[in-house]
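Okay, structure first, notes after.
Residue numbers (the working numbering), protein chains in the order written: chain P, 59 to 405; chain S, 59 to 405; chain E, 59 to 405; chain X, 59 to 405.
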């Protein structure tokens with residue numbers, strides 16, 4: 059079967075690969091319908107590595123997928139052939155210490171699609187544990203289903219934030235993940251979300267959602283804006299989704315006494331953290347690594363119409379033009395939020 | 059000044075009463091604009107008591123209020139003359155053990171408007187601590203402001219529920235409080251709320267909100283309906299807002315393993331609680347007594363348009379017809395959610 | 059191999075049974091050393107059932123065990139032959155919805171030793187998943203190891219209680235589980251535990267521990283005693299470990315405003331629950347079903363000497379006298395806390 | 059009356075000062091018995107400032123105090139003349155937004171003894187709100203009572219850590235606060251605490267307590283030691299009580315996946331924080347600012363004998379030799395944990 063293979067840094071080909079592993083107990087076989095392009099896919103394409111994860115051998119890209127169940131393994135009860143599904147790309151050892159605690163995302167043994175040396179899903183067919191495969195409600199399209207994975211990062215951030223209904227949040231960074239976080243924060247109970255970025259294009263997309271207030275930090279001081287919007291008290295929750303080390307002082311200034319700072323973005327190196335400022339307000343800091351136990355709840359929100367992911371789909375490419383899709387993604391156009399590839403061109 | 063006085067059980071008069079206490083440090087004087095009628099006001103009118111709280115002497119009714127600040131006491135910094143406000147009716151000892159813990163609502167020394175022997179606010183003017191008086195955002199009307207108090211019960215229930223974004227909730231009872239709980243649960247992060255009642259009229263009002271699914275328990279079994287809607291797993295959270303002792307078995311059946319049951323309604327006597335059923339699912343039960351620390355967040359949600367209280371206002375009466383308003387409230391029309399009295403007829 | 063088999067209600071025999079299932083991946087084979095007798099074992103012996111769990115076919119009893127690893131399956135890394143271990147008797151589907159949430163104890167698919175139709179471990183050898191098998195620290199004896207299972211119930215109750223350091227707790231019931239809860243509550247951060255029972259013998263055993271204050275409810279009123287000991291404020295946490303329906307009013311009176319009630323004991327039927335009293339104090343209620351994720355932490359406390367289980371071992375019987383051990387357990391001597399059977403008589 | 063006055067940096071005198079403010083409603087007047095010397099007192103003495111807090115005018119030092127109630131103001135019910143007490147030195151605005159949330163310690167308006175320009179309590183008599191004055195149980199001495207304040211920092215750290223019973227903790231720094239944190243962590247539910255320092259003297263004092271394991275980081279690598287002690291899993295909780303910026307990488311390495319890092323120590327400047335390492339383990343970080351709502355629970359633990367503060371008292375000086383006491387404190391002898399001054403020499 060044909061797959062989109064990252065042969066090495068900078069070299070993508072659409073070529074034959076071996077079929078997926080055979081169907082085991084608890085597995086489902088899925089015909090892949092749609093796969094979104096993640097910033098990490100683009101990063102591997104451009105740089106051949108992300109931190110310690112290095113592409114030493116050809117690797118299939120893609121981990122944001124939706125498709126149709128075409129076969130079910132022994133013992134699978136919750137899914138059947140024909141079900142439309144999306145997939146959670148990380149597979150933990152379900153009996154590991156972390157997994158037993160309900161935090162399977164931090165199981166050191168987890169394998170994750172399109173993270174070297176594990177292949178991704180820009181292929182016609184994959185085999186996956188049913189436990190990490192989720193049926194799409196009727197109202198949720200494949201395109202939306204394939205966006206559940208990036209939205210899940212926002213959902214997990216919102217869950218770890220422990221939002222109190224009516225909270226005011228700030229999201230630093232209006233990239234794809236920043237917007238996902240903002241949507242999840244709103245759906246998760248915030249009254250309003252101030253989102254900060256340097257890019258007017260990105261802010262314009264975010265501001266298209268009711269409840270999201272853009273803050274262009276080339277024009278306004280973030281902390282001042284937040285304090286003005288909260289009678290000087292500060293935001294209940296500040297989400298860091300930019301990875302920019304320079305935002306830390308503003309975040310510590312913008313958060314209220316007893317508030318929370320939620321770290322999602324990965325900075326390029328250590329940040330200078332003013333511990334004393336954090337202590338003086340006794341803030342709580344949560345970190346967010348991928349997600350756990352949120353795909354089902356994300357799907358409920360999308361199905362109920364409480365979160366609309368459709369405006370975030372910028373363009374869809376047929377599988378035959380998958381390389382072109384990656385070239386577009388590599389441009390990093392500020393008005394592009396999510397690019398997807400329609401893998402199943404017969405669909 | 060004129061006030062609506064419950065002289066004794068069944069006897070309401072609009073007559074002169076002494077002016078409010080003088081303005082102390084930290085207080086504000088408020089010209090009352092609008093006051094909503096609560097079920098407890100009606101209950102005192104009809105029965106002269108609620109449990110151990112007995113109307114032994116004439117008492118002014120009303121505790122759901124909005125108005126305008128007309129004077130501020132020494133040390134008040136957050137409010138000024140002319141501010142439009144709503145008021146939290148319970149005043150704790152702020153230095154009490156419960157208040158120091160942030161749970162001032164359960165301070166045994168709390169005094170609460172229109173709870174014998176404390177007078178309510180169906181009067182032209184009241185004096186109240188600024189700390190329990192909240193400025194209305196520009197977009198929030200007095201009518202909405204006076205509905206923040208009952209909505210606050212729902213907000214507090216939603217806060218104590220610790221909703222995870224995308225949860226499915228059930229609310230038992232579609233009376234005023236049940237609807238308030240449902241709205242707060244949705245705004246607080248639920249993907250959907252199934253609301254159960256016997257009254258088609260009440261359910262129709264609730265079902266007017268996107269995200270609220272009515273369950274008429276004269277037609278459908280509640281537990282079956284919830285299990286069918288959740289693939290047999292059950293609801294993450296079940297709010298009890300009816301006070302009906304008969305619903306307990308259905309609630310324990312409808313909640314998912316590890317889910318939560320939130321008790322808001324006051325039953326007429328002890329309920330028969332199947333502890334073993336609760337233990338087998340290891341459910342958590344939270345109880346909700348009035349509210350604490352939610353007025354500000356409730357106002358944010360209303361101002362942001364994330365909660366629309368306006369459809370719940372069934373009728374408004376001028377102060378001169380306040381007795382008539384109570385007579386209407388006493389009828390308990392199923393299509394009435396909230397009746398309000400416009401106290402300041404010059405407004 | 060010989061096993062202690064409950065042939066039917068009232069009929070115990072020590073007789074040959076088939077060997078355990080073969081060793082699979084992730085499993086360990088354990089030579090059983092010591093097994094404690096649980097109240098549930100005795101209940102099956104005496105009544106042939108517990109609620110809906112009915113002994114329809116001969117069943118091996120016993121689920122509180124410690125032993126030695128004699129073989130390890132494929133992929134097992136944390137344990138090796140010769141390791142001294144104790145075992146968690148419930149085996150969930152690790153990929154179930156409940157297990158993914160970290161609450162594998164409420165997975166509806168869990169199987170549990172000596173719960174019909176699953177055999178227990180009063181046999182020379184068992185095969186068990188390594189993930190639910192815990193190495194005993196050097197300082198922990200087999201007898202103590204076999205007591206970790208009942209202590210785990212107390213540990214789980216203490217964990218769900220969310221004790222704040224220095225809390226005052228009440229434990230209702232000084233049976234084996236009540237004492238285990240009291241020990242876990244103290245080790246888990248309580249400054250003191252008042253334990254209530256009718257039996258002077260049981261109370262004397264509990265009171266042998268520093269920090270546990272006995273309350274004989276035939277002599278003193280529980281609520282009065284708790285209020286007197288807390289300046290009228292009430293206990294932070296009340297654990298129900300008796301299953302007695304009659305204690306509910308006293309518990310609601312004894313708990314402080316904003317406090318917690320933790321339900322461990324299984325009452326014989328529904329209890330009369332004064333919801334209004336619970337709401338007036340806004341108490342939280344947690345229920346406790348067996349345990350999850352506590353065996354390792356229980357072992358740390360025992361190994362560190364912070365919990366001493368040894369005084370709770372009342373008598374040890376050789377395997378050949380296992381039936382006699384059950385007859386003694388059936389007497390329900392108030393001075394007996396834990397009886398154990400030494401299965402490996404060569405040890 | 060005579061007081062120990064810091065006239066300016068480096069200049070301490072024992073001289074007359076005006077009497078305390080008059081007794082208001084809710085206040086008590088306290089004859090001061092014993093006052094401990096805190097590192098902050100010494101810092102003001104040596105440097106004339108701590109960060110933005112500068113000694114511009116003569117200031118009485120001392121905030122760790124115990125004494126006897128000699129008068130009570132209007133409305134005080136929980137205390138009476140003759141009660142032995144200790145005092146919480148920070149006084150918030152009890153109606154502030156932070157205080158209403160139960161987090162009065164982060165109220166920006168809080169005043170705190172011996173923090174410029176507020177005078178401390180190295181004086182014979184003080185007036186203080188009864189709400190922040192705590193009766194000493196009979197078994198608790200004045201010396202212990204005056205140590206409740208520093209112990210409260212440890213208590214608050216332990217409370218914010220949300221220890222699960224049986225957790226393994228690490229405390230970085232074996233100074234007075236580090237030891238207080240370690241004691242609170244053990245009393246608060248930890249099975250064991252590894253405490254790290256460079257000073258053999260300090261470690262020896264800490265290691266005198268059962269359950270505290272010293273790690274001399276001049277001899278052993280902290281992260282390696284912690285991983286070895288936890289089968290490679292890491293510590294559940296790491297408390298930072300040294301303020302040393304250099305320990306951050308070791309802490310992030312030593313904490314388990316999903317564990318928590320609790321920040322107590324104040325570093326001299328920003329620390330280099332490896333956000334990616336924190337995210338990869340999805341750790342939670344809590345910060346600790348003084349304390350709130352812990353004095354009563356601290357006293358329960360001391361009274362119950364579950365925490366023994368007595369070994370931490372290194373020397374006691376009569377009031378007349380208070381300046382000498384500060385000179386000794388300024389030496390920073392590694393074997394000194396707590397020095398106290400007996401203010402009431404007639405006692």
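All C-beta atoms in this analysis are idealised placements derived from N, C-alpha and C, irrespective of residue type, glycine included.
Practice task
Would you give the residue range spanned by the beta strand (DSSP E) that residue 364 of chain X belongs to?
Solution key: Residue 364 of chain X -> no beta strand (DSSP E), and no H or E assigned at all.
### Start and end residues, beta strand (DSSP E) containing residue 87 of chain E
85-94 is the extent of the beta strand (DSSP E) around residue 87 of chain E.
Review point. Taking Cβ-Cβ distances shorter than 8 Å, what residues in chain X pair up with residue 226 of chain E?
Key: Simply 358.
Report task. Count the other CB atoms, across all protein chains shown, that sit within 10 Å of the CB of residue 326 of chain E; report buried if there are 16 or more and exposed otherwise. Result -> Around the beta carbon of residue 326 of chain E, fewer than 16 other beta carbons lie within 10 angstroms, which makes this residue exposed.
| field | Coil, strand or helix - residue 347 of chain P by DSSP | value | Correct three-state label for residue 347 of chain P: coil.
Q: Name, please, each residue of chain P whose Cβ falls closer than 8 Å to the Cβ of residue 138 of chain E.
A: Listed along chain P, no residue sits closer than 8 Å to residue 138 of chain E by beta-carbon distance, the nearest being about 17 Å off.
Pop quiz: residue 409 of chain S and residue 113 of chain S are said to be a contact at Cβ under 8 Å. What is the actual Cβ separation, rounded to whole angstroms?
Past the edges of chain S, shown from 59 to 405, lies residue 409 of chain S, and the structure says nothing about it.
Original post:
Using DSSP with H/G/I as helix, E/B as strand and the rest coil, what is residue 111 of chain S?
Top reply: In the displayed model, residue 111 of chain S falls within a strand according to three-state DSSP.
Selection from P:115, P:218 and P:262 that minimises the alpha carbon distance to residue 393 of chain P: Sorting P:115, P:218 and P:262 by C-alpha distance to the C-alpha of residue 393 of chain P places P:262 at the top.
For a cutoff of 9 Å on Cβ pairs, would you count residue 192 of chain E as touching chain P? Residue 192 of chain E does not count as touching chain P.
Work out the CA separation of residue 168 of chain S and residue 124 of chain S for me, nearest whole Å. In a straight line, the C-alpha of residue 124 of chain S is about 21 Å away from that of residue 168 of chain S.
Legend entry - For residue 161 of chain E, the first and last residue of its enclosing beta strand (DSSP E): It is not in any beta strand (DSSP E) - residue 161 of chain E carries neither H nor E in the DSSP assignment.
request  = Would you mind working out which of E:269, E:333 and E:105 sits nearest residue 360 of chain X, comparing C-alpha positions?
outcome  = It is E:269 whose Cα lies nearest to the Cα of residue 360 of chain X.
Take residue 383 of chain E as the anchor and find which of E:348, E:366, E:401 and E:160 has the nearest alpha-carbon.
Considering only alpha carbons, the answer is E:401.
key: Three-state secondary structure (DSSP) of residue 192 of chain S   = DSSP places residue 192 of chain S within a strand segment (E or B) once states are collapsed to three.
With 16 as the cutoff for other CB atoms within 10 Å, does residue 115 of chain E come out buried or exposed?
Under this definition residue 115 of chain E is an exposed residue.
| What separation, rounded to the nearest whole angstrom, lies between the Cα atoms of residue 232 of chain P and residue 238 of chain P? | Their Cα atoms are separated by approximately 9 Å.
Distance between residue 355 of chain P and residue 404 of chain E (C-alpha atoms, nearest Å): For residue 404 of chain E and residue 355 of chain P, the gap between their C-alpha atoms comes out near 54 Å.
Exercise. For residue 97 of chain P, which of P:77, P:131, P:76 and P:119 has the nearest alpha-carbon?
Worked result: With distances taken between Cα atoms, residue 97 of chain P lies closest to P:119.
Self-check item: Local conformation of residue 197 of chain E per DSSP, three classes
Solution: Reduced to three states, the DSSP call for residue 197 of chain E is coil.
Where do the ends of the alpha helix (DSSP H) carrying residue 225 of chain X lie? Looking at the DSSP string, residue 225 of chain X is not in any alpha helix (DSSP H), and its letter there is neither H nor E.
Which chain X residues are close to residue 363 of chain E, counting only those with a beta carbon under 9 Å from its beta carbon? Per Cβ cutoff of 9 Å: 268 and 269.
Discussion item. Pull the bridge partners of residue 371 of chain E from the DSSP assignment, please.
Written reply: Residue pairing from DSSP places residue 371 of chain E in a beta bridge opposite E:396.
| said: Can you confirm whether residue 308 of chain E, when its beta carbon is compared against all beta carbons of chain P, has any partner nearer than 9 Å? | reply: Cβ-Cβ to chain P under 9 Å: no for residue 308 of chain E.
So, are the CB atoms of residue 146 of chain X and residue 192 of chain X less than 9 Å apart? Contact: yes.
Which of helix, strand or coil does DSSP assign to residue 260 of chain S? DSSP places residue 260 of chain S in helix when its eight states are reduced to three.
Q. By DSSP, does residue 146 of chain S sit in helix, in strand, or in coil?
A. Residue 146 of chain S sits in coil when the DSSP states are folded into three classes, being neither helix nor strand.
Going by Cα to Cα distance, which pick from S:71, S:338 and S:129 is closest to residue 90 of chain S?
Sorting S:71, S:338 and S:129 by C-alpha distance to the C-alpha of residue 90 of chain S places S:129 at the top.
Going by DSSP, which residues form a beta bridge with residue 105 of chain X?
Under DSSP, residue 105 of chain X shares a beta bridge with no residue.
Report task. Assuming residue 240 of chain X contacts residue 223 of chain E (C-beta within less than 8 Å), just tell me the rounded distance between them. Result -> With a beta-carbon spacing of about 13 Å, residue 240 of chain X and residue 223 of chain E fall beyond the 8 Å limit used to define contacts.
Using a threshold of 9 Å, state whether the C-beta atoms of residue 305 of chain P and residue 293 of chain P are closer than that. Not in contact: residue 305 of chain P and residue 293 of chain P (Cβ atoms no closer than 9 Å).
Q) Comparing the C-beta of residue 163 of chain E with each C-beta of chain S, is any distance below 9 Å? A) Contact of residue 163 of chain E with chain S is assigned, a C-beta pair being separated by under 9 Å.
DSSP three-state assignment for residue 135 of chain X, whether helix, strand or coil
In the three-state reduction of the DSSP assignment, residue 135 of chain X falls in the coil class.
**OP:** Along the alpha helix (DSSP H) that carries residue 282 of chain X, what are the first and last residues, could you check?
**Re:** Here the alpha helix (DSSP H) through residue 282 of chain X covers 280-287.
Whose C-alpha, out of X:172, X:61 and X:216, is nearest the C-alpha of residue 101 of chain X?
Proximity to residue 101 of chain X across X:172, X:61 and X:216 peaks at X:172, based on C-alpha coordinates.
Quick check on DSSP: helix, strand or coil for residue 294 of chain X? Annotated three-state conformation of residue 294 of chain X is strand, per DSSP.
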